[in-house]
Amino acid sequence: MTAKPFIPLLLWLMVLVGGLCYGTPLQSPKPAHIYLHLDQEDELASNHVLAILQDYKGFLWFGTNNGLQRYDGRQFIHFRHDPRNQNSLASDIVSTLYQDKKGNIWIAAANTVTRFNPASNNFTRIRLPEQSQAVLSGGFYFAEDGEQNVWLVSARDQGAFLFKPDQAAFIAVADPPPFRKQNNTYEPLLQDWQSNETYAYLKDSRGIVWAGSEKLLALYPGAAGFTPIPELKASRYGIEYNRIFCLAEDREKTIWIGTDNGVYYFNPDKQHFFTAPVPGFTPGDAAPLLPTDFLQTQNGEIWVSTLNRGILTYDSQLRPLQQLTVGNPQQAGALQLWCLAQDQQGNIWAGSQAGTLLKIDTSGRTIYRHPGLLAGQTITKAAADASGKLWLGTDQGQLFSFDPITETLQNVALGDASGSTGRIIRILPERADDLWVATSRGGVFKIHKKTLALTQHYSTSSSPFALLSNELGDMQWADSSSLLVSSIAGLHLLDISQETGKIFTTADGLPANAIINVVGAGDGEFFVTPQNGLSRWNINTGRLTTFGARDGLANDPFGFSASHRLLDGRILIGSMNGILYFHPDSLSKAQPPADVLITGLSVYGKPIKLDSALAQNGEILLHHRQNFFTIEYASLNYYDDSRVSYYYQLEGVDRDWIAAGPNRSANYTNIESGKYRFKVKAERDNGASTIHEASLAIRIDQPFWKSWWFRALLVLLAAGLCLVLYRIRIAKLLALQNMRSQISRDLHDDMGSTLSTINILSAMVQQQIRKDPVQAQAQLEKISDYSQRMMESMDDIVWAINPLNDAAQNLVARMRVFCSETLEPRGISFSFTLDEKVAALRLPLAVKHNCFMIFKEAVNNAAKYAQCQSVQISFTVQKKQLLLVISDNGRGFSTNQPREGNGLLNMQARATAIHGELEIVSESGSGITINLKAPLVQQKA
């Protein structure tokens, strides 16, 4: 599939009927302004804009018949009347806006005044005296005297009212100071422009006085009267209205016009691109203008060839001189003119279709030439070299050398005669003996001017450097040894001395790959045009700046490679419907953008009143939970905001500046407590940065658990806890030591006593074994009994100190085993009553051991001495106490009678050791009941 050619076939067929004529010199009108527009589709509250004000910070305020709006270049904030809120606008109709020297904004409409304090974001309704309605009925305005008193003044000089802050009201004053009437100076100059409506006036910083009502008028410095400004209603960048209500100028010198059709604004100082006037032609005509070539003559005139308007001539300031419509001598209609060149004798040569070559001599006479070698071809490009020779290129890719004196023509072979090279689009004869030719389908050719030999050809198949495409758009010198060649696939920088090159595409920053015009401006800068749009591109830095309507560039497509740089540096480029001209130097003024303002702060999406928050201590204080926030900022550049990029940094979080592009907000999440400073700056696409950085101090308070006092408290608590744990540990160690001592004493008392007895009995057995065997046998049985008891005691101690037996259910199981071994051989029955809570307990060593020893002593007594038939054991938990009850139905005893042995005393001692209570209930003949209550430190199993 082949790429689409640059020039649609339709453009080759456009011809207008006419004959050769000379126009009279024409006056150049004032440059037409390009207007930009805001209306309800852009979120304007109403298309009826009655008042415009720029405040000291740079915000624009629009008063409409549907409330008040603040505008920052992208977003509107809307304020309306609320009948339920006395601190809202007094009326939705806002016809007058004024800011006093203290920063308050005064908002007025019919018989209502509201004062707005931007710092507190509050509205205050101001009372008016009863007679104000009659005095101010003819219009009014705000004024301020030398003492910063605010006045409400009648526009018809019928009186004035003074604002009294202590009364929050305007009061009538008998003898107000004189105020200058607004209309006296200019009304006499408007006699020819009477209007049914009152004029709004503005004298801008350029000295131009603007008057608006049913028409927009301008009084230029030195002019005798006002000049009407055309509306250009059919134009995309024109202005259309029925009435103008207000006029204002911002600090960028942009003029703002409030109308019944929204807001229009324009800036003459920033409209650097202009369109040369074409008498009798209006953009949008059925036949487009279609300029094809430019020529600056030896006397400084500027000639323009076109397809549909013949030849246009201008003076050096691009004021129209003459228009030459060249008729076709061979057939009806006018010739389409494609190229222009001037020979050393001053004659102008123009190339046209059907091989027609026109000569316009110094007297203005037109001579037609039809060289046979050019028959059937269109002469699309012409160039003159230093020797006086002309070089002609045709639509069939043919190149000719032409001697303007002898009018001889010589063909220069570029390729075959089939026209496969396409149309010749550029001829560059300026360098030494070489001629460079660019074609629409055959690439670039290098010709030796003397020998006419082809010495070099760059194409998609050439080596060592190949083009991206053979379909070229334009070719210009980049420097003395380099050519810049555009194609439908990208740009090529050819180093003709080394026969190498570089390639540039959209990946390298180009606005498009298909470039139609390339014009050099020096220092590595080129102006390039795709089919739509115009950009400045620096081949060294890669910086690209795209221009549009805000620069005065209308949206007019470029159909041909038609461009030229004048001797004074201005550049001409032909579009479909006009002749665009500009000076590159006017685009290089590196004016910095307006300083950035912090316009908003929101936490978790909820806005915070920034001015009131900063008024407290100069910084924003946030709670530690408010660490998700968004900061909004803006450099209030209303006219060319799209060319401003932003850079921000939160010191303490961002290590370097963050490039935000055109985005005007910064989001931060999960920011730690501490002090931070947010900085932001702006930069234009030409590299100019704001003079000052905007900054915002933010402090996020610490949560209490990060404060010094809380940390100190934690240290104290930790120290106290360590002390408590230490004491608990010591207590446990002491308890363990006591238990060890107790066990040691038990072992010593029990084992020592038992071993001593065994030792004595053993000695007795030795003495009696021969003398009295029966007595010796009795003593051996006692030794066996003592040994058994000692083993049981050791077993009890080993069992008690084993932590695996700390569970109460293990204690109960051992009690059951002991009962079985002790009571059942004697025919004594027993029963256990066990509380479910007991099974879940873990018992301390002392409690476990002493309880078991008390239990064991009680059961032994019942088995040996009670003469009982049954024993009942109850093991329960009540009120954090362990209750052990052992009862029998034996003979009992009287607790008042003295008892032999230490069993009961030992039981009492063990109960005391575990801080328990032991109660023995018994009467003779009624059995014995032993009740043990031990305090319980409960531990879950």
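Be aware that the sequence shown starts at 64, since it is given in the numbering used here, and climbs by one per residue. Even for Gly, the Cβ is constructed at its ideal location relative to N, Cα and C. Small disclaimer: the values here were computed from a predicted structure and weren't measured.
Item to check | For Phe344 and Leu83, the rounded distance between their alpha carbons | outcome: Because Leu83 sits at a pLDDT of 31, beneath the cut-off of 50, its placement in the model cannot be relied upon, and the point is left open.
Checklist entry - For the beta strand (DSSP E) that Met538 lies in, which residues bound it at each end? => result That run of the beta strand (DSSP E) goes 535 to 542.
Item to check | Integer-rounded CB distance, given that Gln117 should sit under 8 Å from Phe125 | outcome: Taking a contact as a CB-CB distance under 8 Å, the pair Phe125 and Gln117 does not count as one, their CB atoms being some 11 Å apart.
Next on the checklist: So, for Gly86: in the same chain, excluding its five sequence neighbours on each side, which residues have a beta-carbon less than 7 Å away from its beta-carbon?
Outcome noted: Residue placement at Gly86 is flagged as unreliable, the pLDDT there being 38, under the threshold of 50; the coordinate-derived value follows with that caveat. Around Gly86: Pro342, Gln385, Gln386.
Next on the checklist: Under DSSP, the alpha helix (DSSP H) around Ile694 begins and ends at which residues?
Outcome noted: Looking at the DSSP string, Ile694 is not in any alpha helix (DSSP H); the run it does join, the beta strand (DSSP E), is 692 to 698.
Next on the checklist: I'd like the list of long-range same chain contacts for Phe767, defined as Cβ closer than 8 Å, with 5 residues on each side in sequence excluded.
Outcome noted: Cβ neighbours of Phe767 beyond the five flanking positions: Phe773.
Item to check | Opening and closing residue of the alpha helix (DSSP H) in which Lys911 lies | outcome: Unbroken alpha helix (DSSP H) run through Lys911: 908 to 927.
Item to check | Where Glu364 sits in the DSSP three-state scheme | outcome: Judged by DSSP in its simplified three-state form, Glu364 adopts coil rather than helix or strand.
Checklist entry - Among Ala223, Arg889, Phe915, which has the Cα closest to the Cα of Ala871? => result With distances taken between Cα atoms, Ala871 lies closest to Phe915.
Checklist entry - Of the choices Asp703, Ile821, Pro291, Ile307, whose alpha-carbon is the least far from that of Tyr262? => result With distances taken between Cα atoms, Tyr262 lies closest to Ile307.
Checklist entry - Are Ser109 and Asn129 close, meaning C-beta to C-beta below 8 Å? => result It is a contact, given that the beta carbons lie within the stated cut-off.
Checklist entry - Mind checking Ala395: buried by the 16 CB within 10 Å criterion, or exposed? => result In this prediction, Ala395 scores a pLDDT of 47, lower than 50, which makes its location untrustworthy; no coordinate-derived value is stated.
Checklist entry - Which residues share a DSSP beta bridge with Pro354? => result Answer is Thr369.
Checklist entry - What number of angstroms, rounded off, separates the C-alpha of Leu253 from the C-alpha of Ala286? => result Computed Cα separation, rounded: 13 Å.
Checklist entry - For Arg143, which of Asp135, Tyr134, Ile156 has the nearest alpha-carbon? => result Selected option, being the one with the closest Cα: Ile156.
Next on the checklist: At the level of alpha carbons, what is the spacing between Leu421 and Leu547?
Outcome noted: Their backbone Cα atoms lie some 31 Å apart in a straight line.
Checklist entry - Distance, Cα to Cα, Pro239 vs Gln689? => result Computed Cα separation, rounded: 53 Å.
Item to check | Arg147 - DSSP class collapsed to helix/strand/coil | outcome: In the structure shown, Arg147 sits in coil (DSSP, three-state: anything other than H, G, I, E or B).
Checklist entry - When the Cα of Thr388 is compared with those of Ala782, Leu370, Leu999, which residue comes out closest? => result Of Ala782, Leu370, Leu999, the residue nearest in Cα terms is Leu370.
Next on the checklist: Looking at the secondary structure, which residues open and close the alpha helix (DSSP H) in which Ser705 lies?
Outcome noted: From DSSP, Ser705 is part of no alpha helix (DSSP H); its letter is neither H nor E.
Checklist entry - Hey, would you say Gly321 sits closer than 8 Å to Ile115, going by beta carbons? => result Inclusion of Gly321 and Ile115 in the CB contact set at 8 Å is warranted, their separation being smaller than that value.
Item to check | Expected contact under 8 Å - CB spacing of Val948 and Ser937 to nearest Å | outcome: By a beta-carbon distance limit of 8 Å, Val948 contacts Ser937. Their separation comes to about 4 Å.
Checklist entry - Between Val581 and Phe589, what straight-line distance do the alpha-carbon atoms span, to the nearest angstrom? => result Linking Val581 to Phe589 through their CA atoms gives a straight-line distance of about 7 Å.
Next on the checklist: I need the straight-line Cα distance from Thr975 to Leu981, nearest angstrom please.
Outcome noted: Between Thr975 and Leu981, the alpha-carbon positions lie close to 8 Å from each other.
Item to check | Top-ranked residue by Cα proximity to Lys669, from Phe645, Ile694, Gly681 | outcome: Among Phe645, Ile694, Gly681, the Cα nearest to that of Lys669 is on Ile694.
Next on the checklist: So, for Pro647: in the same chain, excluding its five sequence neighbours on each side, which residues have a beta-carbon less than 6 Å away from its beta-carbon?
Outcome noted: Taken in chain order, the residues that qualify are Ala584.
Next on the checklist: In chain order, what are the residue ranges of uninterrupted beta strand (DSSP E) at least 3 long that sit wholly in the stretch 833 to 897?
Outcome noted: Inside the stretch 833 to 897, DSSP marks whole beta strand (DSSP E) runs of 3 or more residues at positions 892 to 897, from first to last along the chain.
Item to check | With 16 other Cβ atoms within 10 Å as the buried cut-off, status of Tyr1046 | outcome: This structure cannot settle anything about residue 1046, because the visible part of the chain is limited to 64 through 1004.
Next on the checklist: Measuring only the C-alpha atoms, how far is Gln90 from Ser268?
Outcome noted: Confidence at Gln90 is low in this model, with a pLDDT of 42, below 50, so the placement of that residue is unreliable and no value is reported for it.
Checklist entry - If you draw a straight line from the alpha carbon of Gln1002 to that of Leu906, how long is it in whole angstroms? => result Here the model assigns Gln1002 a pLDDT of 43, short of 50, so the residue's position is not dependable, and the following value carries that caveat. Within the model, the alpha-carbon separation for Gln1002 versus Leu906 is close to 7 Å.
Checklist entry - Out of curiosity, what's the CA-to-CA distance linking Leu515 and Pro354? => result Roughly 31 Å between the two C-alpha positions.
Next on the checklist: According to DSSP, Ile823 sits in a beta bridge with which residue or residues?
Outcome noted: In the DSSP assignment, Ile823 is bridged to no other residue.
Checklist entry - Given Ala839, which residues of its chain have a CB within under 6 Å of its CB, disregarding the five upstream and five downstream residues? => result Closer than 6 Å at Cβ, skipping near neighbours: Val828, Gln831, Ile832.
Next on the checklist: Quick check on the DSSP output: the alpha helix (DSSP H) that includes Gly456 runs from which residue to which?
Outcome noted: Segment 453 to 457 is the beta strand (DSSP E) holding Gly456; no alpha helix (DSSP H) there.
Checklist entry - Which whole runs of the beta strand (DSSP E) in the stretch 369 to 429 are 3 residues long or more, in chain order? => result Segments of the beta strand (DSSP E) lying fully in the stretch 369 to 429: 374 to 377, 383 to 387, 400 to 405, 411 to 415, 420 to 423.
Item to check | Lys444 burial status per 10 Å Cβ neighbour count (16 or more: buried) | outcome: By the neighbour-count rule (16 or more Cβ atoms within 10 Å), Lys444 is buried.
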